[in-house]
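Each residue of the sequence shown is one higher than the one before, starting from 351 at the first, in the numbering used here.
Glycine included, C-beta positions come from ideal geometry on N, C-alpha and C.
Since this is a predicted model, take the numbers as computed values, not measurements.
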Amino acid sequence: MKARRAVGAAKMSGNTLAERNARATVDQTKRALGERGPVWWDDGAPDYNRQMARSTPYATWFKGLS
351 MKARRAVGAA
361 KMSGNTLAER
371 NARATVDQTK
381 RALGERGPVW
391 WDDGAPDYNR
401 QMARSTPYAT
411 WFKGLS
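Here it is in structure tokens:
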């Protein structure tokens, strides 16, 4: 959060160099946490992200929500 706050402070002050450095720190931190970069959680299961629930194996569950 310190780096994210630094981005905000740099934007408010108009300091583009400080903003660029702060954004680089945010990116480096996110990569270290596994939030960016190559996928590490791939288990081979089909990915139903960005699909309507009614057209996936979860259709019955979804229909029961109504």
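Is the CB-CB distance between residue i and residue j below 8 Å?
| i | j | result |
| --- | --- | --- |
| A360 | A353 | no |
| A372 | A356 | yes |
| D377 | R370 | no |
In the DSSP assignment, find the alpha helix (DSSP H) that holds residue i and state where it starts and stops.
| i | result |
| --- | --- |
| R381 | 366-382 |
| W391 | Counting along the chain, W391 falls outside any alpha helix (DSSP H), and DSSP gives it neither H nor E. |
| A353 | 352-363 |
Since I believe residue j is in contact with residue i (beta carbons under 8 Å), could you give me their beta-carbon distance rounded to a whole number of angstroms?
| i | j | result |
| --- | --- | --- |
| A409 | A403 | 7 Å |
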